[in-house]
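Per numbering that gives the first Met the number 0, the sequence shown starts with residue 0, numbered consecutively.
These notes are about the structure you will find just below.
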Amino acid sequence: MSDKLVTITVDDKEISAPAGSYLLPVCLENDIYIPNLCYLEGMETPPASCRLCLVEIEGRPGPQVSCRCLIEDGMVVKTNSEEILKLRQIAFRLLVSTNDGSCKSCISNRSCELQQIAKFLHQPLRTKRLRHIDRAYPPLIDDHPYLVYEPKKCLLCGRCVYVCNNIEKGYKLSFAQRGMDTIVSFFGSDLDPASAFCKECFACTEVCPVGSLSSKEKWKAFVDGLK
Ligand code: SF4
Ligand code: SF4
Ligand code: FES
Numbered sequence: 000m001s002d003k004l005v006t007i008t009v010d011d012k013e014i015s016a017p018a019g020s021y022l023l024p025v026c027l028e029n030d031i032y033i034p035n036l037c038y039l040e041g042m043e044t045p046p047a048s049c050r051l052c053l054v055e056i057e058g059r060p061g062p063q064v065s066c067r068c069l070i071e072d073g074m075v076v077k078t079n080s081e082e083i084l085k086l087r088q089i090a091f092r093l094l095v096s097t098n099d100g101s102c103k104s105c106i107s108n109r110s111c112e113l114q115q116i117a118k119f120l121h122q123p124l125r126t127k128r129l130r131h132i133d134r135a136y137p138p139l140i141d142d143h144p145y146l147v148y149e150p151k152k153c154l155l156c157g158r159c160v161y162v163c164n165n166i167e168k169g170y171k172l173s174f175a176q177r178g179m180d181t182i183v184s185f186f187g188s189d190l191d192p193a194s195a196f197c198k199e200c201f202a203c204t205e206v207c208p209v210g211s212l213s214s215k216e217k218w219k220a221f222v223d224g225l226k
């Protein structure tokens with residue numbers, strides 16, 4: 000990013016922002032909401048995996064992922080066309096095709112970003128338009144001393160892995176397995192003293208957009224409250 004400002008037009012609104020900024024945060028900072036799940040502020044190379052942040056950019060063929068698109072002077076962007084809405088809805092259905100639909104008993108109920116995006120896109124959280132895929136994992140993985148992970152809620156957005164390795168430098172999280180079997184995995188998930196780092200951190204739980212990754216203490220208090 001540089002100090003030089005460039006001007007772009009988004010949905011007929013003129014916006015000035017530093018050259019080299021990604022389009023998604025520029026829109027969000029200027030009150031133009033674009034759904035997003037895998038982007039986090041400061042990411043040098045966003046993974047662009049959720050495909051929810053698609054927009055149209057004049058002169059470019061096909062939809063563009065705004066979280067990976069650098070702004071250029073004179074750029075003209077549309078975030079709300081019929082076609083873009085349809086593509087985002089398809090991306091959303093794919094994301095929730097593994098969702099276990101258990102919002103009522105979820106620690107993130109009512110503060111969940113997936114619920115907010117479902118509302119914005121007018122989509123149910125359990126789609127009937129795609130076959131539900133039941134990922135072959137237990138509902139809860141709790142062998143970490145301080146964290147619990149609910150794989151069936153995980154969107155594989157990668158935010159937790161990013162903050163752990165790039166911000167906190169805890170180097171405790173990674174993706175394991177492949178394809179539909181992909182899962183977030185802990186290094187030193189047994190009672191390894193290295194996991195003590197997590198005791199003071201919990202950054203991964205704060206960026207999880209859903210209720211998949213939680214502090215064990217908060218999760219236990221929540222479950223006790225359900226009884
Ligand atoms: S608590 Fe911190 S160090 Fe531990 S896994 Fe989460 S982000 Fe990494
Ligand atoms: S645990 Fe949460 S933050 Fe991590 S990949 Fe899954 S949904 Fe994303
Ligand atoms: S936020 Fe852009 S692809 Fe996920």
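Even for Gly, the Cβ is constructed at its ideal location relative to N, Cα and C.
- Straight across, the Cα-Cα distance linking Gln63 with Ser48 is about 13 angstroms.
- About 19 angstroms separates the beta carbons of Glu149 and Cys200, which is beyond the 8 angstroms limit, so they are not a contact pair.
- Spanning the alpha carbons of Cys159 and Ala202 requires a straight line of approximately 8 angstroms.
- A distance below 7 angstroms between beta-carbons, with the five flanking residues on each side excluded, links Thr78 to the following residues of its chain, in chain order: Val9, Asp10, Cys26, Ile31, Ile33 and Val54.
- In the structure shown, the three-state DSSP call for Tyr161 is helix.
- The beta carbons of Asn29 and Ile14 sit about 5 angstroms from each other, so the pair counts as a contact at 8 angstroms.
- For Thr97, no alpha helix (DSSP H) segment is defined, and its DSSP state is neither H nor E.
- According to the DSSP assignment, Leu22 belongs to the alpha helix (DSSP H) that extends over Leu22 to Glu28.
- A distance below 6 angstroms between beta-carbons, with the five flanking residues on each side excluded, links Asp99 to the following residues of its chain, in chain order: Lys151.
- Judged by DSSP in its simplified three-state form, Val183 adopts strand.
- For Phe201, there is no enclosing alpha helix (DSSP H), as DSSP marks it with neither H nor E.
- Considering only Ala90, Val162 and Gly73, the residue with the shortest C-alpha distance to Glu205 is Val162.
- Between Ala135 and Leu124, the CB-CB gap reaches or exceeds 8 angstroms.
- The alpha-carbon of Ser110 is positioned some 17 angstroms away from that of Val222.
- The three-state reading of DSSP puts Ser173 in strand, counting E and B together.
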